[in-house]
Structures are given as structure tokens and as C-alpha cells.
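Counting the sequence shown from 1 gives a position; this note's numbering is that position plus 939.
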Amino acid sequence: LTDAAHPYIAPGPNDQRGPCPALNTLANHGYIPRNGIASFEQILAGTREGFNMDRDLAGFLAGFSMMARGNAFLNKLSIGSVSPQIPTVPGAIDGPAPPGGIAKHDRFEGDVSMTRQDFNVGDDVHFQIDLFDEFLSAVEQFGDDNALHGPKSIVNMKVMQEFKFQRFQESQAADKTVSFHSSRIASSYNEAAFILTFFANGTDGLLSKQALTSIFQNQTFAPNWFRRSSPGTFDFIVDTAAEILAPHTIQPGANVNGVYVLDPPDNSVCIFFSFTKIPTLISISSPVQRRLLRLRPQQPSPHS
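The following block contains the structure:
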């Protein structure tokens, strides 16, 4: 959403950018600090204003990112890599090195990305045009026609279902140590659901190749793009992610010397926890977590 208060300004050489096209775009438009160093509250407000993300969903994502790859004591997170503005967490409780930002492998960034290479294969942080071209090829094969944007120009559910599975197969073949455990499957497919949910134009609910390219490749909102008209919620993301995964069920596991080894069966239930129980994390947060993340008390969830 480009307006007078949020013009696109390309990042400078010292500005942090990372593997998340949504956060990169929000920073380029000033919805979060343009230097890529943000507080919990700034990420919460920016994702809500820029994409109309529901408060609970925005709060969880901001809180998880801060706790996983930021310095929650200083309330600072890099949307890219290590920053001199964010020192080691007090007591080195997360290790002796400064927080790596969301670009650091594992926790937030992970294998089987749609537009980044696996950590052990290549560049897992920056946009890879060859992978994005594969994404566009999937749109041309499975996408919907549209009178305004042309034939095979709309990213639909089928595109996501097939492209996500294709990327898994590619990573499984190319990365001898690919890690795709249940938690990463959940986050990976939730990411795909975010794209369908939040990158679509709010005027018609459709995600065109133009809008997709603008955010992924150019890290800016497309002309005449508007955020969704109603807040995108946990439930909607969960349902969409499950639908993307449904045609090609993937068993959690990892490559060991190039051979995909399945996780023990009892570990596979974690994916269902990840898909269905994440919303309760906000409502059951401890008082210490609330103070740390500065969350206002929440009403009990009707689903908890």
C-alpha cells in the first residue's frame, strides 16, 4: 500500500534486509523502520497497517521473531543479519554471539524456501531469480485466467500446492542435509498461506503475477495494490496452509548422507500442533512473557 506517508525508498548499504519479502517491503515503505531494525511494537503495527494482519497473528509473529532471533531485553530485531545495534543477549543465554537476525539459519529461516536456496546449497538469504522463475512457470501452468491481467496470470491454490511440493523434491535431491522436520513443514506451508492471504490485492482478492513479482523481486507494492479488506486471522492461515499441503502429504524428516530419513512416528503429530494450536500461545503467555513483549492482556480465546 503506497501512499504519501509511505513512499518506496530503496534500502541503503547499511540497511538490513533478509529472507522475508513481506518485512523487506514494509521496511522499504516505512511501515517498519527503514534501517531494518525494529521493535516488537513496530513489527506488530507495521504488519497490521501494511497487510491488515489480525492482532493475534501479528503479535505472535512479532513475538516469535523477537524471541528467536532478536534481543528481547532491548526490544530490537534485525529483519536481516547481525547488526552492531543489537548486542549479545544478557547472560549470553542464547549463546555468546549477538543475535543473528531472522536471516540466520534455523528457527525463522529454513530449508525448502520458495525463492531462497537451502543453507547448505547456496544463498539462503537473498532473492534467487531462477527459483522465482520456477514459481512463475507454475503460475503459467496451473494459474487462472483473468480479463485484466491475461491468461494464466493469477496465483491460485493449485499453483501453491504444486510449486511447494516441487521445491521439496528439488531440495531433497540437491541438499544432502536438507532438514524438513514437522515444525519446518508447518512454518514453510504457513509461509505459503501468508502469500495467498496477504499478497493478494484487497480490491478483488486475487494475487496476480504482477503483484507477486513486485513484492518478491522488487520488494515494493504493485501499482493500485491495496491491503485486504478484512483482517487475516490465524484460522484462515491454518486452513489455507492445510489445504496447500493436502494433495502431496510430506513426511517429516531430514536427509542423512543424501537419504531422506523419516522422523519417528510420534514426532509427526507436532505438525498438527503447529497448524492448530499456535493461536493459543498468545492467550496463555505467562506474565513474564507479557511484560517482556509488552502485550496487553488478552481475553481468553473461545477456541482455547
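For each residue, glycine too, the CB sits at the ideal point set by N, CA and C.
As the structure is a prediction and not an experimental result, all values here were calculated from the model.
Exercise for the section: In angstroms with no decimal places, state the Cα-to-Cα distance between residue 1207 and residue 1182. Expected result: Interpretation of residue 1207 is limited by its pLDDT of 44, a score under 50 that renders its predicted location unreliable; no figure is taken from the coordinates.
Practice task
Would you mind listing the beta strand (DSSP E) stretches within the stretch 1054–1120 that are 3+ residues and don't spill past its ends, in chain order?
Solution key: 1083–1085, 1089–1094
Handout entry: Contacts around residue 1081, its chain only, beta-carbon distance under 6 angstroms, and the 5 residues preceding and following it disregarded
Key = 1097, 1098, 1101
Problem - Coarse secondary structure for residue 967, derived from DSSP in three states - result: helix
Problem - Distance between residue 1034 and residue 992 (C-alpha atoms, nearest Å) - result: 32 angstroms
Problem - Buried/exposed call for residue 963, threshold 16 Cβ in 10 Å - result: buried
Problem - Residue from 983, 1128, 1194 whose Cα sits closest to the Cα of residue 1186 - result: 1128
Practice task
Could you check what DSSP says for residue 1147 in three-state terms: helix, strand or coil?
Solution key: strand
Practice task
Determine the burial state of residue 1195: buried for a count of at least 16 other Cβ atoms within 10 Å of its Cβ, exposed for fewer.
Solution key: exposed
Practice task
Report the partner residues of residue 1017 according to the DSSP bridge assignment.
Solution key: 976
Practice task
Check whether the Cβ atoms of residue 1054 and residue 1155 sit closer than 9 angstroms, and answer yes or no.
Solution key: yes
Exercise for the section: Taking only the alpha-carbon atoms, compute the straight-line gap between residue 1199 and residue 1045 and give it to the nearest angstrom. Expected result: 19 angstroms
Practice task
Using the Cα positions of residue 1095 and residue 1003, report the straight-line distance between them to the nearest angstrom.
Solution key: Distance between the alpha carbons of residue 1095 and residue 1003: 28 angstroms.
Exercise for the section: Tell me, please, which residues DSSP counts as bridged to residue 1244. Expected result: Residue 1244 is absent from the model: the chain starts at 940 and stops at 1243.
Practice task
Please confirm whether residue 1137 and residue 1171 have their CB atoms less than 9 angstroms apart.
Solution key: yes
Handout entry: Helix, strand or coil at residue 1183 [DSSP, three-state]
Key = helix
Handout entry: Contact set for residue 1040: own chain, Cβ-Cβ below 8 angstroms, skip 5 residues either direction
Key = Around residue 1040, the same chain offers 955, 957, 1008, 1009, 1016, 1017, 1018, 1019, 1020, 1021, 1022, 1025 as residues with beta carbons nearer than 8 angstroms, after the five sequence neighbours per side are excluded.
Problem - Per DSSP, the bridge partner or partners of residue 1048 - result: 1044, 1045
Handout entry: Nearest-angstrom Cα separation, counted from residue 986 out to residue 1220
Key = Here residue 1220 scores only 36 on pLDDT, less than 50, and its place in the model should not be relied on; the value that follows carries that caveat. Their Cα atoms are separated by approximately 19 angstroms.
Problem - Coil, strand or helix - residue 1010 by DSSP - result: strand
Problem - Alpha-carbon to alpha-carbon, residue 1047 and residue 1140 - result: Each residue's Cα considered, the two are about 26 angstroms apart.
Problem - Close Cβ partners of residue 970 (< 7 angstroms) along its chain, the five nearest in sequence each way excluded - result: Cβ contact annotation for residue 970 (same chain, cutoff 7 angstroms, sequence separation greater than five): 945, 985, 988, 989, in chain order.
Problem - Backbone CA spacing between residue 1177 and residue 974 [nearest angstrom] - result: 31 angstroms
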